[in-house]
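Numbering (our numbering), first residue to last: 272 to 779.
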Amino acid sequence: MQRPRLLLPALALLIALVGCGRADPLRPDTLVVGLEGNPTALDPRLAQDAYSTRIVPLLFEGLFELDENAEPVPLLAADWYQPDDLTFIFSLAPGRRDPEGRELTAADVIYTLASLTDPRLRSPRSALFGRLEDLVALDDRTVLIRLKEPYAPILTDLTLGIVPAAAARGDGFAAAPAGTGPYRVERWETGAEVVLTPNPNYQGPKPAIPRLVFRVQPDDVTRTLALERGEVQLLLNNLPPDDLPSVIANPRLKVMQQPGVNYSYLGFNLKDEKLSDPRVRRAIALAIDRAKIADCLLEGTVTLADSLLAPGNWARAEVKSPGHDPAAAMALLDEAGYPDPDGPGPKPRFKLSYKTSTNKQRRWIADAIADQLGAVGIETEVRSYEWGVFFADILAGNFQMYSLTWVGITDPDIYYLAFHSASAPPAGSNRNRYGNPEVDRLAEEGRRTLDREGRRRAYAQIQSILADELPYVSLWYGNDLAAMDRRLVGFKFYPGGDFRSLSRARWE
272 MQRPRLLLPA LALLIALVGC GRADPLRPDT LVVGLEGNPT ALDPRLAQDA
322 YSTRIVPLLF EGLFELDENA EPVPLLAADW YQPDDLTFIF SLAPGRRDPE
372 GRELTAADVI YTLASLTDPR LRSPRSALFG RLEDLVALDD RTVLIRLKEP
422 YAPILTDLTL GIVPAAAARG DGFAAAPAGT GPYRVERWET GAEVVLTPNP
472 NYQGPKPAIP RLVFRVQPDD VTRTLALERG EVQLLLNNLP PDDLPSVIAN
522 PRLKVMQQPG VNYSYLGFNL KDEKLSDPRV RRAIALAIDR AKIADCLLEG
572 TVTLADSLLA PGNWARAEVK SPGHDPAAAM ALLDEAGYPD PDGPGPKPRF
622 KLSYKTSTNK QRRWIADAIA DQLGAVGIET EVRSYEWGVF FADILAGNFQ
672 MYSLTWVGIT DPDIYYLAFH SASAPPAGSN RNRYGNPEVD RLAEEGRRTL
722 DREGRRRAYA QIQSILADEL PYVSLWYGND LAAMDRRLVG FKFYPGGDFR
772 SLSRARWE
């Protein structure tokens, strides 16, 4: 646990010394944002990693958007009504155009939603939209959506960005996707940067900062130094916690922080012989001292988690994660048939691999967890990979253990996406390949039940089952933390953790 800490004073000194230099001259037409990883897809139908989903709202608009309280409010839908529990009719706002001047119509909405269940697209949202019975264009600006059965989170799901059908059918859409949002993709160099410039046909207020550059900087030191030097003007939820004091002390910078809903967890391949045993998973949870890792490596920027839903979410149930208890962990491993072969000797009970990204902080966390598992006899090999390779392995099921973060969890329908047996990739995000018929039934009930109290009861039961079976080990909720140039005004947090407020930000 102490090895990473030895590096921190030297790093802080280096940052402080570099911070004494002059900042780069500010370009009033440009804002540079540092990203930890590379966006993999900016088509809203395909985006699922945090780097992609945070940028997409600058390019596309949905029928609805989530407001600051995580409630869906109309965006492209100028008006709507619901004749019955299964039918929704939406009137589109007029004059919404993509960068080529094409006006968004009902046909674009129907194309977008219908394409999600096309197996050729392989959209991770296909499971979410599999409940659509019918899509009808009543006229160019009116869409009727009919469901197969009542579906409570439909308005939240309709925050999905609508793609222009004519553009999306073209060959170049994946490389330069564009919708009716305030910006368009000017250039996208994979692994380097994404450059956005204004959509000339955007109906809303013209962005005050006409050029946004999202620069990929996987190395923590490089990213922090770029902020200190003025080469980057904004970091959102990717400032290393040990760098926070030096950034706060820098008079050219400012920090915004609030409790967040981003949920970090340890995941298991439930097809693995050892990890399919809930006793082994519970032993792993008992072996991990989350509080110690949070204090030593995360510097007070997280809150320990018990479920996917953060405090304050209306569907959160009072369940508890296993506390740190190495003795209980070892007893469970004995019970599961994995005795310690040589007591305090060097031989492990068994070996596991743990995949993570090359991000230094994530690697430190993985090393700390591996050390704690070693103390109960589980030898753990940490393997770190570039983000794209790592995430592809997780989607393919090529892992034993891994750690990831769910970003911007607001609706409890996340339990369908993450744990329903029909949501295994590529249809959804059940990356652990978890299967429990009762959880499937309750997740479906939570979708069908329209009153909030009924949904709350269904999700409380799911949380109780998951707390017992532990397909995830809950780690923590990360605070929303933005470090930025002091001259940037107008940035604010949204529940989904996205960058949409940059279209209204400005330099002063």
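Each residue gets a CB set at the ideal place from its N, CA and C atoms; glycine is no exception. Quantities reported herein were computed from a predicted structural model and do not represent experimental measurements.
*Residues of its chain near Tyr673, where Cβ-Cβ distance is below 6 Å and the 5 sequence neighbours each way are ignored*: Within the sequence shown, the letter at position 402 stands for residue 673. Spatial neighbours of Tyr673 in its own chain (CB-CB distance under 6 Å, excluding positions within 5 residues in sequence) are listed in chain order as Gly538, Lys626, Ile665.
*May I have the straight-line CA-CA distance separating Ala586 from Ile685, to the nearest angstrom?*
Looking up residue 586 in the sequence shown gives position 315. Looking up residue 685 in the sequence shown gives position 414. Roughly 11 Å between the two C-alpha positions.
_Short of 6 Å in beta carbon distance, which residues of its chain neighbour Arg494, apart from the five on each side in sequence? Order them along the chain._
Looking up residue 494 in the sequence shown gives position 223. Closer than 6 Å at the Cβ level, and outside the excluded window around Arg494, lie Gly305, Gln488.
*C-alpha distance - Phe361 paired with Thr376, whole-angstrom precision*: Taking the first residue of the sequence shown as 1, we reach residue 361 at position 90. Taking the first residue of the sequence shown as 1, we reach residue 376 at position 105. As the crow flies, the alpha-carbon of Phe361 is around 11 Å from that of Thr376.
*Since Pro345 sits in a beta bridge, which residues does DSSP pair it with?*
Along the sequence shown, one-based indexing puts residue 345 at 74. Paired residues: Phe335.
*Quick one: residues in its chain with C-beta nearer than 6 Å to the C-beta of Trp778, no 5 flanking neighbours on either side, listed in chain order?*
By one-based count along the sequence shown, residue 778 stands at place 507. The beta carbon of Trp778 sits closer than 6 Å to those of Pro299, Arg758, all from its chain and outside the five residues before and after it, given in chain order.
_Do Val303 and Arg561 count as a contact pair if the criterion is CB distance below 9 Å?_
To locate residue 561, count along the sequence shown from 1; it is residue 290. To locate residue 303, count along the sequence shown from 1; it is residue 32. Result no, Cβ atoms of Arg561 and Val303 do not sit closer than 9 Å.
*Report the three-state DSSP secondary structure of Phe762 (helix, strand or coil).*
Here residue 762 corresponds to residue number 491 of the sequence shown, with the count starting at 1. Coil.
*Could you give the distance in angstroms between the alpha-carbon of Ala639 and the alpha-carbon of Glu570?*
Indexing the sequence shown from 1 puts residue 639 at position 368. Indexing the sequence shown from 1 puts residue 570 at position 299. Taking C-alpha positions only, Ala639 is separated from Glu570 by approximately 15 Å.
*asked:* Does Ala436 pass the burial test, meaning 16 or more other C-beta atoms within 10 Å, or should it be called exposed?
replied: Counted from its first residue, the sequence shown places residue 436 at position 165. Counting Cβ neighbours within 10 Å, Ala436 comes out buried, since at least 16 surround it.
*Residues of its chain near Tyr352, where Cβ-Cβ distance is below 7 Å and the 5 sequence neighbours each way are ignored*: Along the sequence shown, one-based indexing puts residue 352 at 81. So the list reads Ile360, once near-sequence residues are dropped.
*Just reading off the alpha helix (DSSP H) that Gly725 is part of, what are its end residues?*
Mapped onto the sequence shown, residue 725 falls at position 454. Where Gly725 is concerned, the enclosing alpha helix (DSSP H) starts and stops at 723-740.
*Length of the line joining the Cα atoms of Gly292 and Thr413*: Numbered from 1 along the sequence shown, position 21 holds the residue referred to as residue 292. Numbered from 1 along the sequence shown, position 142 holds the residue referred to as residue 413. Confidence at Gly292 is low in this model, with a pLDDT of 43, below 50, so its placement is unreliable and the value that follows should be read with caution. Roughly 57 Å separates the two Cα atoms.
*Name the DSSP bridge partner or partners of Trp459?*
Numbered from its first residue, the sequence shown carries residue 459 at position 188. Trp459 is bridged to Val465.
_Supposed close pair Arg455, Ala449 - CB separation, criterion 8 Å_ = Residue numbering aside, residue 455 sits at position 184 when the sequence shown is read from its first letter. Residue numbering aside, residue 449 sits at position 178 when the sequence shown is read from its first letter. Right, the Cβ-Cβ distance comes to about 5 Å (below 8 Å), so this counts as a contact.
_Contacting residues, own chain, Cβ-Cβ under 6 Å from Val407 (five flanking each side not counted)_ = Working through the sequence shown from its first residue, we reach residue 407 at position 136. Only Leu415 meet the Cβ criterion.
*Output yes or no for whether 9 Å exceeds the beta carbon distance between Pro345 and Arg771.*
Locating residue 345 in the sequence shown gives position 74, where the first residue counts as 1. Locating residue 771 in the sequence shown gives position 500, where the first residue counts as 1. Taking 9 Å as the Cβ cut-off, Pro345 and Arg771 do not qualify as a contacting pair.
*Does the Cβ-Cβ distance between Tyr534 and Arg368 come in under 9 Å?*
The residue you call residue 534 lines up with position 263 of the sequence shown. The residue you call residue 368 lines up with position 97 of the sequence shown. Cβ atoms of Tyr534 and Arg368: not closer than 9 Å.
*Closest to Val380 by CA distance: which of Arg316, Gly608, Gly441 is it?*
Here residue 380 refers to the residue found at position 109 when the sequence shown is read from its first residue. Restricting attention to Arg316, Gly608, Gly441, the CA atom closest to the CA of Val380 is found in Arg316.
_Once DSSP output is grouped into helix, strand and coil, what is the label at Asp405?_
Indexing the sequence shown from 1 puts residue 405 at position 134. Strand, per DSSP.
*Output yes or no for whether 9 Å exceeds the beta carbon distance between Pro365 and Glu371.*
Residue numbering aside, residue 365 sits at position 94 when the sequence shown is read from its first letter. Residue numbering aside, residue 371 sits at position 100 when the sequence shown is read from its first letter. Going by C-beta atoms, Pro365 is not nearer than 9 Å to Glu371.
*Ignore the nearest five residues each way along the sequence and tell me which others in Val678's own chain have a CB closer than 6 Å to its CB.*
Within the sequence shown, residue 678 is the residue found at index 407, counting from 1. Once the five neighbours on either side are set aside, the close Cβ partners of Val678 are Ala321, Asn533, Gly768.
*asked:* Between Pro511, Phe661, Asn340, which has its C-alpha nearest Leu675's C-alpha?
replied: As a position in the sequence shown, residue 675 is number 404, starting the count at 1. When each option's Cα is compared against that of Leu675, the closest is Phe661.
*Among Asp314, Ala637, Thr324, which has the Cα closest to the Cα of Leu387?*
In the sequence shown, counting from the first residue as 1, residue 387 sits at position 116. Distances from the alpha-carbon of Leu387 to those of Asp314, Ala637, Thr324 put Asp314 closest.
*Whose C-beta lies closer than 6 Å to the C-beta of Ala294 among residues of the same chain, with five residues either side of it excluded?*
The residue labelled residue 294 in the question sits at position 23 within the sequence shown. With a pLDDT of only 48 at Ala294, under 50, the local geometry of the prediction cannot be trusted, and the value read off the model is given with reservation. Gly501, Arg523, listed in sequence order.
*DSSP state of Leu418, grouped into three classes?*
Counting from one through the sequence shown, the residue named residue 418 turns up at place 147. Note: Leu418 maps to strand in three-state DSSP.
*Helix, strand or coil at Ile559 [DSSP, three-state]*: Translated into the one-based positions of the sequence shown, residue 559 becomes position 288. If DSSP states are grouped into helix, strand and coil, Ile559 belongs with coil.
*asked:* For a quick check, are the C-beta atoms of Asp525 and Ala754 less than 9 Å apart?
replied: Residue 525 sits at position 254 when you count from the first residue of the sequence shown. Residue 754 sits at position 483 when you count from the first residue of the sequence shown. Reading off the sequence, residue 525 comes out as Lys, not Asp. With contacts defined as CB atoms closer than 9 Å, Lys525 and Ala754 qualify as a contacting pair.
*Classify Glu307 as buried or exposed, calling it buried when 16 or more other Cβ atoms lie within 10 Å of its own Cβ.*
For the purposes of this step, residue 307 is identified with residue 36 of the sequence shown, where counting begins at 1. Label assigned to Glu307: buried.
_Extent of the continuous alpha helix (DSSP H) to which Lys631 belongs_ = Against the sequence shown, residue 631 aligns to sequence position 360. Boundaries of the alpha helix (DSSP H) around Lys631: 631-645.
*Look up Lys618 in the DSSP assignment and give the residues it is bridged to.*
Counting from 1 along the sequence shown, the entry for residue 618 is found at position 347. Beta-bridge pairing links Lys618 to no other residue.
*Which of helix, strand or coil DSSP assigns to Pro424*: The sequence position of residue 424 within the sequence shown is 153, counting from 1. Here Pro424 sits in coil by DSSP.
*asked:* Can you tell me whether Ser547 is buried or exposed? The criterion is at least 16 other CB atoms within 10 Å of its CB, across all chains shown.
replied: Locating residue 547 in the sequence shown gives position 276, where the first residue counts as 1. Answer is exposed; the Cβ neighbour count stays below 16.
_Asp756: first and last residue of the uninterrupted beta strand (DSSP E) it sits in_ = The sequence position of residue 756 within the sequence shown is 485, counting from 1. Residues 743-756.
*asked:* Between the region 573-587 and the region 627-638, can you find at least three pairs of beta-carbon atoms closer than 8 Å?
replied: The region 627-638 vs the region 573-587: no contact.
*For Tyr765, the nearest candidate out of Ala312, Asn701, Glu342 (CA to CA)*: Here residue 765 refers to the residue found at position 494 when the sequence shown is read from its first residue. Comparing Cα positions, the closest option is Glu342.
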